[in-house]
Every structure is written in structure tokens, then in C-alpha cells.
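**Q** Below: one structure in C-alpha cells.
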Amino acid sequence: MLMKDKNSYPLIMVHDVDYVYSNGTIALKKVSLNIKKGEFVAIMGQNGAGKTTLIRTFNGLIRPTKGSIFLEGENIDSKTIATLSKKVGVIFQNPMHQLFSTTLEDEIKFSLKSLNLDKEEIQIKVDQVLKEFDLEKYRKRSPFNLSGGEAKKLATASILCRDPEVLVFDEPTLGQDAKEINFFLGLIKSELERGKTIIIVTHNIEFTVEHVPRTILMSGGQIIADGPTQSIFTNEFLISKSSLIMPQIYLFKKELRKIGITIPKEVMRESEIINFLDNYLDSKTTI
16 MLMKDKNSYP LIMVHDVDYV YSNGTIALKK VSLNIKKGEF VAIMGQNGAG KTTLIRTFNG
76 LIRPTKGSIF LEGENIDSKT IATLSKKVGV IFQNPMHQLF STTLEDEIKF SLKSLNLDKE
136 EIQIKVDQVL KEFDLEKYRK RSPFNLSGGE AKKLATASIL CRDPEVLVFD EPTLGQDAKE
196 INFFLGLIKS ELERGKTIII VTHNIEFTVE HVPRTILMSG GQIIADGPTQ SIFTNEFLIS
256 KSSLIMPQIY LFKKELRKIG ITIPKEVMRE SEIINFLDNY LDSKTTI
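This note's numbering numbers the first residue of the sequence shown as 16 and each following residue consecutively.
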């Protein structure tokens, strides 16, 4: 055990982690990072950067070849996946990889079994969860007859109903329409207000710039940058090194500079830029 007081260290600590697949592919190289309780963090990088491999070490789905993972100050090496999953819930990019019950209702019931609730409590909880995720009308339907968005909702519901401390989403906005993304955003905000820790792996640059305070950039199995999202996505060298593209907002600001309108570097969110331009135009009108 690393410490006696679990609240005196970051919730997740990754220390010098390497991971090599059985075919010899090196997926992670000396990765170290800390994530505090209540943080909202994006992990970004091109395919093959090591993002998904990294998050699968958080709840023991894979074990580091070298290095250590600590959860609440305890080395998770001796912890079972079942134990870790109560603390760290992972929602896969393809929800079908974690759904297997015959109905939506049974899927939620199965997830709740580990909480030692009686039958009545489980049924009440199932009803609450299906209503919260707008899946009530499908309760007797097979999970394999849902749309992609509905299946992602069900997979998320099956994890959230166990109330883990950490929620890890792999590409949560991929293939989702605007309504589904807004639902996800509302869910995230609600969980953050409850003190949960949220980690997303994503290629959605615009979503990250608009909503996520901290970004970790990966390339070739290594972390190449870790800091405030606004700072990272105004650094063209870092973005190029990670083989990503600059946000549309950044490119828009660059075009404005060509006509003499300079927006401060730290202003990156759409709402902030609109406010800045409103004030700028008002000042010009006044003059």
C-alpha cells in the first residue's frame, strides 16, 4: 500500500507503465500521469497512439508489462477485475462488446447484482435507470436490436447504475447525432457535479476544446503533452506532433487576425468568441 489516507493522493496514478502485446507490439512506453478526483480529462492522439490500451489498465482489463497503476493510493496489481470495476467503469467504443443479456431490463439487473440489493430494490433501480436514459419503452427488447445510439446509452446505463468513482468512455461521441451528444454532455455534467471523475478517449477535437478542461496528448505509446486544453490546442507544434488537426475555432481566429481582429490566445470556446466579437463590434459602433 502506498499510503494510509486515500484522499491525500491523486485518484489514479500511473507510474512508468510499459505495455507490450503478445505479438511484440509496444503499445505503451514509460507512461506516467496523475488524475485527481473530480477531474474531467480527455486523452487524445491518432489511432495506435496507445489511448485505449492505457485506459484498459485502469480497471485491470490488461496488466502493465512494466510499471504500476495505483487507485486511491493502492497498487491495483493484486486486485481482481471484478473489484476494480466497482471503482472504475469503462464504456467501450463498441457497446456490443459489453452487452450480452436477452433484454435491456435483464442487462441492468445483471449489472446491479454485485451491489447486494434485494429483488425489490433492484427492480426499483432498474425502473429508475431505464427512465433516466429514456429506454423504458425498450425494456423487453434485445440489446442487439437497438440502434447504435441506444446501445451506447444502454452500455453507459449498465455501468453508471453501479455508481463507480471513475467513468471512462472510449470515443463517446463517435457516430452520435447532436441530440445524443447533448444527452451525453448533460450526463457528464451531472456526474461531475456529484464529484465523479470522468476520462474520455476521443478524436472529437471541437467537443474537447469546448467542454474538457484538461487534455493528455499521446503519440507512439507515449504522453507528449498534458495540460489545459486551451493551451494545448493553440500549440501548432504539439498538434502536428500528435498528428491531429487544429480546431476550427483556432483557424477561425487565425483568419480574423488577417483582417485586424486579434482574439486573445486563451479565448477558445465558441461562446467566449461570440461574446468577444459582440463586445468588439459594440466598441466599433460606439466609436
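Ideal Cβ placement from N, Cα and C applies to all residues, glycine included.
(1) Pull the bridge partners of L232 from the DSSP assignment, please.
(2) Assuming the contact rule is C-beta atoms closer than 8 Å, T188 and F222 should be a hit. Round their C-beta distance to whole Å, please.
(3) Answer yes or no: do R156 and T118 have a C-beta to C-beta separation smaller than 8 Å?
(4) Count the other CB atoms, across all protein chains shown, that sit within 10 Å of the CB of K269; report buried if there are 16 or more and exposed otherwise.
(5) So is N160 buried or exposed if we call it buried at 16+ other beta carbons inside 10 Å?
(6) Please report the straight-line C-alpha distance between I174 and T217, rounded to a whole angstrom.
(7) Put G286 into one of helix, strand or coil per three-state DSSP.
(8) Keeping to the same chain, check which residues put their C-beta closer than 7 Å to that of Q263; ignore five residues upstream and five downstream.
(9) Count the other C-beta atoms from every protein chain shown that fall within 10 angstroms of the C-beta of L296, then say buried if there are 16 or more, exposed otherwise.
(10) Look at the alpha carbon of R177 and the alpha carbon of E195, and state the distance between them as a whole number of angstroms.
(11) What ranges does the alpha helix (DSSP H) occupy inside the segment 66-132, keeping only unbroken runs of at least 4 residues that lie completely in it?
(12) If you count every other CB in all the chains shown that lies within 10 Å of the CB of N74, and 16 or more means buried, which is it?
**A** Inspection of the coordinates gives the following:
(1) M59, A240
(2) 6 Å
(3) yes
(4) exposed
(5) exposed
(6) 19 Å
(7) According to the sequence shown, residue 286 is Ser rather than Gly. Looking at S286 - three-state DSSP - the assignment turns out to be helix.
(8) E221
(9) exposed
(10) 22 Å
(11) 66-73, 96-100, 119-127
(12) buried
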